[in-house]
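Chemist: Sending over a structure as structure tokens; questions will come in a sec.
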Amino acid sequence: MKQKPAFLAKVARPGLTGVFPRNRLFDLLDDLRKRPVIWVSGPPGCGKTTLISSYIEARAIPCLWYHIDEGDADVATFFYFMDVMANTAALQRRTSHLPVPEHLQNTSGFALRYFEDFYDRLKIPGLLVFDNYEKVQAVSQFHEVIRLGLSRIPEGLNVVLISHTNPLPVFVRILANHQMALLGWNLLRLTSEESDGIVRYQLHERQAKETTLHLHTATDGWAAGLVLMLEKAKRKCIDLQSVPKHTREEVFAYFVAEIFNKTDSKTRDFLLKSAFLPKMTEKMAEELTGHPQTRHILSELNRNNCFTEKLYVPVPVYRYHPLFRDFLLCRAKGTFSAQNLAILHRHAVKLLEESDQTEAAVALLDDAGDWAAKVRLITIHAPSMLAQGRHRLLETWLNNLPNEIIENTPWISYWVGSCRLPFDPCLSKRYFGQAFERFKICEDVAGMLLAWSGIIESIAYGQKDFSLFDQWISIIEEIMPGLNGFPSKEIEARV
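Here's what the structure looks like:
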């Protein structure tokens, strides 16, 4: 039978201990200890265990540390190893062994007596930590035993449960009675200052603020992701600005081991398809994936902290961690056929358009290389974007198009000219001129008139050679007699 050695507070755990002081969380834990139970939850690699162990070390708190595994689903095994831990730890006040039952006919009664005796043996104040709580399946009797144990905690002792998941329903009453405090992913996520501290510690020098902010944004406060990137940067002498794209292999391997291989095939299929939506409601995800159990799957992913965040807006919205979504999209490209990928892209773009996530739709079209659909989207949204002063964003969309589309599609040339007008009138005039000639060939009167107006404005903005007005005034005088009125009042006003 395997041994589960006790963990003492004065022994530093491997990982990020000592890498950076998380004083804000140490102070928060001091406050949370006013309640007997603290539940710490977050995705793998977010620093849960490291935080608690470094807190114990910093505060010099007597501690027992129990590593839960699948075998603890057998409560007799759990009681046995609790006794082994208690009798090998420095917290004990008595040396006699706790009784271990041969047959648990009355588990509840035995559990209550066991924990009362167990707590009576411990030095107070102190901490009892149960790590890897998610290892035991939710249907196990083990959780009821833990609940009973939590109901008998003496004053001065705190029990900390560390898990990937949020508290199970069996603990609802403890939560309702304000006996359990929660420390979740929203608080465990690194701040930009903490990310900067890790970068300085790992690289032994301060980096430019823009560089550390870039890494912090790329990892979205995920400690393990940041450390993986920094270790690769040190080994391979990679520039920090480009390190996120150079560490994809390491990060993806982490997700495979910690998340993907531990889910069932139905959930894996859901993850791969829903990743095409950067933000999704339950309805959007169900429409895209075709899974009737979408609400349950998203709820479980969020509860289990599988890099899935639920945003509490009027209609709940879910999103994946950016690195996790990047992994899923890469995996999807290697899993689905080209035909199925095209269908997923088109359906996702439609859903994103309907939910006013135009930027996300454009990014998806860039990824798919669906230029015709992107031109359509730009044509629809360009007027309002320019009216809102969002020239730079629109120009970014345009610049990501292949050059032949920019040069040969009159409306795209026109919008490029419109974007450049306030910043480079000379270049703007060239694009308006291209657009004008193309509109003329295809007899698009509205386009011709708008391009002509753009040319006049670019000459005025440039303030260099006003004689250029003469040529274009002559051109409009040739066009006007053939017009059967203006296409719209707006165009008439522009001309």
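Just so we're aligned, residue 571 is where the sequence shown starts under our numbering, counting upward by one. The C-beta atom is built at its ideal place from N, Cα and C for all residues, glycine as well. Quantities reported herein were computed from a predicted structural model and do not represent experimental measurements.
So what's GLU905 in DSSP terms, helix, strand or just coil?
Modeler: Numbered from 1 along the sequence shown, position 335 holds the residue referred to as residue 905. For the record, residue 905 in the displayed sequence is Thr; it is not Glu. THR905 falls in the helix class under three-state DSSP.
Chemist: Let me confirm a value: SER624 is counted as buried when at least 16 other C-beta atoms fall within 10 Å, else exposed. Which label applies?
Modeler: Translated into the one-based positions of the sequence shown, residue 624 becomes position 54. Buried, by the Cβ-count rule.
Chemist: Give every residue of the same chain whose Cβ lies closer than 6 Å to the Cβ of GLU828, excluding the five residues on either side of it in the sequence, and list them in chain order.
Modeler: As a first step, residue 828 must be located in the sequence shown, where it is residue number 258. Answer for GLU828: PRO614, listed in chain order.
Chemist: Shortest alpha-carbon distance to GLU915 belongs to which of LEU757, THR928, LEU935, GLY904?
Modeler: Locating residue 915 in the sequence shown gives position 345, counting from the first residue. Per the sequence shown, residue 915 should be read as His rather than Glu. Cα-wise, what sits closest to HIS915 is LEU935.
Chemist: How many angstroms separate the CA atom of TRP898 from the CA atom of THR837?
Modeler: Here residue 898 refers to the residue found at position 328 of the sequence shown. Here residue 837 refers to the residue found at position 267 of the sequence shown. According to the sequence displayed, residue 898 carries Leu and not Trp. Roughly 12 Å between the two C-alpha positions.
Chemist: Should LEU718 and LEU634 be called a contact, given that it needs their Cβ atoms to be closer than 8 Å?
Modeler: Within the sequence shown, residue 718 is the residue found at index 148, counting from 1. Within the sequence shown, residue 634 is the residue found at index 64, counting from 1. Result no, Cβ atoms of LEU718 and LEU634 do not sit closer than 8 Å.
Chemist: Please classify GLU686 as buried or exposed, where buried requires at least 16 other C-beta atoms within 10 Å of its C-beta.
Modeler: Numbered from its first residue, the sequence shown carries residue 686 at position 116. Classification for GLU686: exposed.
Chemist: Please report the straight-line C-alpha distance between VAL715 and ASP642, rounded to a whole angstrom.
Modeler: Sequence index remark: in the sequence shown, residue 715 carries index 145 (1-based). Sequence index remark: in the sequence shown, residue 642 carries index 72 (1-based). In a straight line, the C-alpha of VAL715 is about 11 Å away from that of ASP642.
Chemist: Mapping the DSSP letters down to three states, classify LEU956 as helix, strand or coil.
Modeler: The residue you call residue 956 lines up with position 386 of the sequence shown. LEU956 falls in the helix class under three-state DSSP.
Chemist: Report the three-state DSSP secondary structure of PHE877 (helix, strand or coil).
Modeler: Looking up residue 877 in the sequence shown gives position 307. Three-state result, PHE877: coil.
Chemist: Taking the alpha helix (DSSP H) that MET854 belongs to, which residues open and close that run?
Modeler: Residue mapping note: residue 854 aligns to position 284 of the sequence shown, counting from 1. Run containing MET854: 852-859, per the alpha helix (DSSP H) assignment.
Chemist: Would you report the Cα separation of LEU810 and ALA902, rounded to the nearest angstrom?
Modeler: Indexing the sequence shown from 1 puts residue 810 at position 240. Indexing the sequence shown from 1 puts residue 902 at position 332. LEU810 and ALA902: Cα-Cα distance of roughly 28 Å.
Chemist: Measuring CB to CB, does PHE1036 end up less than 8 Å from ILE1043?
Modeler: Within the sequence shown, the letter at position 466 stands for residue 1036. Within the sequence shown, the letter at position 473 stands for residue 1043. For PHE1036 and ILE1043, no; Cβs fall outside 8 Å.
Chemist: From this set, GLY1052, GLY1017, GLU820, ILE1045, which residue's C-alpha is nearest ILE1061's C-alpha?
Modeler: Taking the sequence shown and counting its residues from 1, one reaches residue 1061 at position 491. Measuring from the Cα of ILE1061, the nearest candidate turns out to be GLY1017.
Chemist: Curious, which full-length alpha helix (DSSP H) runs of at least 4 residues does the segment 789-841 contain?
Modeler: Listed in chain order, the complete alpha helix (DSSP H) runs (minimum 4 residues) inside the segment 789-841 are 793-806, 813-816, 818-828.
Chemist: Hey, PHE1006 and ILE1025: beta-carbon distance below 8 Å or not?
Modeler: Numbered from 1 along the sequence shown, position 436 holds the residue referred to as residue 1006. Numbered from 1 along the sequence shown, position 455 holds the residue referred to as residue 1025. Yes, Cβ-Cβ distance for PHE1006 and ILE1025 is below 8 Å.
Chemist: Using CA atoms only, rank isn't needed, just tell me which of ALA746, CYS876, PRO862, PHE894 is closest to ARG818.
Modeler: By one-based count along the sequence shown, residue 818 stands at place 248. Checked all of ALA746, CYS876, PRO862, PHE894; the closest Cα to ARG818 is PHE894.
Chemist: Taking the C-alpha atoms as reference points, what is the distance between LYS574 and TYR636?
Modeler: Numbered from 1 along the sequence shown, position 4 holds the residue referred to as residue 574. Numbered from 1 along the sequence shown, position 66 holds the residue referred to as residue 636. At LYS574 the pLDDT is 47, less than 50, meaning the model places this residue with poor confidence; the figure from the coordinates comes in the next sentence. Rounded to the nearest angstrom, the two C-alpha atoms are 7 Å apart.
Chemist: What separation, rounded to the nearest whole angstrom, lies between the Cα atoms of PHE1039 and PHE1002?
Modeler: Along the sequence shown, read from residue 1 onward, the residue named residue 1039 stands at position 469. Along the sequence shown, read from residue 1 onward, the residue named residue 1002 stands at position 432. For PHE1039 and PHE1002, the distance between alpha carbons rounds to 14 Å.
Chemist: I want to know whether the segment 829-848 touches the segment 781-798 - three or more CB-CB distances under 8 Å.
Modeler: Judged by Cβ distances under 8 Å, the segment 829-848 makes no contact with the segment 781-798, as fewer than three pairs qualify.
Chemist: Mapping the DSSP letters down to three states, classify ASP1014 as helix, strand or coil.
Modeler: For the purposes of this step, residue 1014 is taken as the residue at position 444 of the sequence shown. Note: ASP1014 maps to coil in three-state DSSP.
Chemist: DSSP three-state call for ASP1069: helix, strand or coil?
Modeler: One cannot answer for residue 1069 here, as it falls past the ends of the chain, which runs 571 to 1065.
Chemist: Please confirm if PHE651 has its CB atom under 8 Å from at least one CB of chain C.
Modeler: The displayed structure is made up of one protein chain only, and chain C is not part of it.
Chemist: Looking at TRP985 and LEU964, is the spacing between their C-beta atoms short of 8 Å?
Modeler: Taking the sequence shown and counting its residues from 1, the one referred to as residue 964 is at position 394. Taking the sequence shown and counting its residues from 1, the one referred to as residue 985 is at position 415. It is a contact, given that the beta carbons lie within the stated cut-off.
Chemist: Name the one or two DSSP bridge partners that SER611 has.
Modeler: Position 41 of the sequence shown, counting from 1, holds the residue named residue 611. Its beta-bridge partners are SER733.
Chemist: Output the distance between the C-alpha atoms of ASP896 and SER710, rounded to the nearest integer angstrom.
Modeler: As a first step, residue 896 is located in the sequence shown; it is residue number 326 there, counting from the start. As a first step, residue 710 is located in the sequence shown; it is residue number 140 there, counting from the start. Roughly 35 Å separates the two Cα atoms.
Chemist: Report the residue ranges of all alpha helix (DSSP H) runs contained in full by the segment 980-1050; include only those spanning at least 4 residues, in chain order.
Modeler: Counting whole runs of 4 or more residues, the segment 980-1050 contains the alpha helix (DSSP H) stretches 980-990, 995-1011, 1015-1032, 1038-1049.
Chemist: So for TYR771, helix, strand or coil by DSSP?
Modeler: Locating residue 771 in the sequence shown gives position 201, counting from the first residue. Three-state DSSP puts TYR771 in a helix.
Chemist: Could you have a look at CYS616 and say whether DSSP puts it in helix, strand or coil?
Modeler: Here residue 616 corresponds to residue number 46 of the sequence shown, with the count starting at 1. The answer is coil: DSSP assigns CYS616 none of H, G, I, E or B.
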